[in-house]
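Here our numbering is used: the first residue of the sequence shown is 27, the next is one more, and so on.
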Amino acid sequence: MKFTILNGSPKGAESVTMQYILYIKKKHPEHEYNIINIAQAIKKIENDEKRFDDIILQVKESDGVVWGFPLYVMLVCSQYKRFIELIFERNAESAFENKYTIVLSTSIHFYDHTAHNYMHSICDDLKMKYVGNYPADSWDLLYPKRRARWLIFAEEFINHIENNFPTSRHYTPLIRREFKYTPSKVIDNSKKINTNGKNILVVSDETSENTNLGNMLKRFKDSFSSEIEIININKIDIKGGCISCLQCGYDHKCSYIGKDGFIDFWEDVVMTSDILIFAGVIKDRYLSAKWKMALDRAFYMTHTPTLIGKQMGYIISGPLSQIPNLTEMFQGHIELQGSNLVDIITDEFGTSEEIDALIQDFARRLVTFSNTDYIKPLTFLGEGGRKIFRDDIYGRNRFVFMADHEYYEKHGYYDTFPQNDERAKKLNEKLIPLIKIDKIRNKMNMKQEFLRPFRKVLEDPIK
Ligand SMILES: Cc1cc2nc3c(=O)[nH]c(=O)nc-3n(C[C@H](O)[C@H](O)[C@H](O)COP(=O)(O)O)c2cc1C
């Protein structure tokens, strides 16, 4: 049997993820394994059509396709994303149709589910026969039981192909609404929002006023009584995607420093804003690869937030409501940054007048919340993500991410370990022996016990 492995690691052959493939090759040498370094060679693949066509031919001639990649900022890396875009742009979908496929990732399990949801939906869009996904921890292969588990999964893939077993579909194709947004030409000056000295920045991958997004940004800009800045990300000097050299782990210094303008843009423009809007056009089931490149490159600060305390939001053109996975990434990213997601405005619903009103009120809320430094409580997306980072940086990955460790120590991240919670410790010391006594436990009204501390707040005239 012939397998094509589309390697989504910018490290190429030095990829951890590819070791999982080599392990299957070791166990099943009777098959042919053709590993293609997609992410590492993306520029050449994009610029040399023959090279792209060769890859597509290899996919066509294989019995099974493996999408194998490292997690990069909740998704695949920008280089791999670009390859996926090229498949659709160059009408190469038919090579993938009806091919049996699996998706393998390695990561620390931070938002690996969003990357897998994305890849599953892409496989469905390509009409592939999706057998399943394998979200490995980076080091799983080093443990005998976990190796055995991976082998079971891979053998089931082979079994599936050999027997031509059926596969299920989970995603329906996206439907884009045919709608031209036309912003109102006259905006009542008295309704314009006073920016109150706040620095407002929009970063977008589309600014042309021939597009819905460009017009939505214009309307957003016109909502304020003074100028705000709109930057097109395509005009920023970004030489390439993150290459995972991990030099930044030690001191948050990117190996691209001096080679392009991204770090200056991020630090001098993005980080200095009070109100920050990310805007984009949906491309397949995410934003553009260019947007992904910027977000990957911002990883030079590794697991340390750079957008703390900002009011943030999204302005999106495209079928976002059909991609809840993407909304989850937007929200999770903002929560992890310690900023506030005010809203996401799209061109999916309503008339131009209704969108005008939404944009205008979006502007109002952004400034109002900025004036009061309002930050919403975290959901599971932020809470869970922070805990994964905290544990990983404190533990097994501290030596790789020394700069995060120093930041986490300085900013009390490790104080949130439950074993350091003195109040909880005392409470448990006092209450656990009592709760073990049947008579006391039976008499105790848990509902009332929970409410006792609230009463103090509600009955106190000052609090
Ligand atoms: C830029 C960058 C972003 C990353 N983002 C994530 C992430 O969002 N979630 C996660 O669990 N791991 C993340 N990682 C860790 C890698 O996914 C992990 O180390 C992976 O095993 C590397 O595989 P590779 O050697 O095949 O490239 C990131 C690593 C880099 C360099």
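Every residue gets a Cβ at the ideal spot worked out from N, C-alpha and C, and that includes glycine.
Within a 10 Å sphere around the beta-carbon of H146 sit 16 or more other beta-carbons, which makes this residue buried. DSSP places A305 inside the beta strand (DSSP E), whose first and last residues are 301-307. DSSP, read as helix, strand or coil, puts N468 in helix. By the criterion of a C-beta distance shorter than 6 angstroms, K336 is surrounded in its chain by L302, S365, once the five residues flanking it on both sides are discounted. One thing to note: G344 has its Cβ no nearer than 8 angstroms to the Cβ of D369.
Taking 8 angstroms as the cut-off, the beta carbon of N60 is found no closer than this to the beta carbon of I82. Annotated three-state conformation of V99 is coil, per DSSP. DSSP places N33 outside any alpha helix (DSSP H); the residue lies instead in the beta strand (DSSP E), whose first and last residues are 28-33. Looking from the CA of E235, the closest CA among P209, N215, V229 belongs to P209. For T132, the distance from the CB to the nearest heavy atom of ligand 1 is below 7 angstroms. The region 32-60 contains, as complete alpha helix (DSSP H) runs of 4+ residues, the segments 43-53 (chain order). Annotation: V85 is outside any beta strand (DSSP E); the continuous alpha helix (DSSP H) that includes it extends over 75-86. Of the candidates Q66, V483, I47, I47 places its Cα closest to the Cα of E58.
Boundaries of the beta strand (DSSP E) around S133: 126-133. In the DSSP annotation of this structure, the continuous segment of the beta strand (DSSP E) that includes Y160 starts and ends at 155-163. Note that the C-beta distance between N258 and S230 is below 8 angstroms.
Comparing C-alpha distances from H142 to each of R311, G411, I466 shows the shortest one belongs to R311. When Cβ pairs closer than 8 angstroms are counted between the two stretches, the region 272-290 is seen not to touch the region 242-256, the count staying below three. Going by DSSP, T372 is part of the beta strand (DSSP E) stretching over 366-372.
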